[in-house]
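Student:
In the numbering used here, the protein residues as written are 36 to 122.
#1: Whether or not the region 43–54 and the region 88–97 are in contact is what I'm after, with contact meaning three or more pairs of Cβ atoms, one per stretch, closer than 8 angstroms; do they touch?
#2: Identify whether residue 72 lies in helix, strand or coil by the three-state DSSP scheme.
#3: Expressed to the nearest angstrom, what Euclidean distance is found between the alpha-carbon atoms of residue 71 and residue 101?
#4: How should residue 53 be labelled, buried or exposed, when 16 other C-beta atoms within 10 angstroms of its C-beta is the threshold for buried?
#5: Taking DSSP's pairing of strands, which residues face residue 99 in a bridge?
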């Protein structure tokens, strides 16, 4: 039952972010190469994580909101863990 409550809380936080204007951005060819490879080497990120971060940097995002603590070491933009956000 506790797991279900946790998932409901997670869903409500994600919905609140969407209501605030969170958008979904398409990855582009440029996100898959140079910058993502650079981020993989610099931070030891998995391929998909480096592509996501590369896309966020390309669109000029102000914050990177995630549940993955590995992103806390990122220097290129502010990283917020979803669990740290109070809505």
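Backbone N, C-alpha and C fix where the C-beta goes; we use that ideal spot for every residue, glycine too.
Predicted model only: the values in this text are computed from it and were never measured.
Tutor: In short:
#1: no
#2: helix
#3: 17 angstroms
#4: exposed
#5: 114
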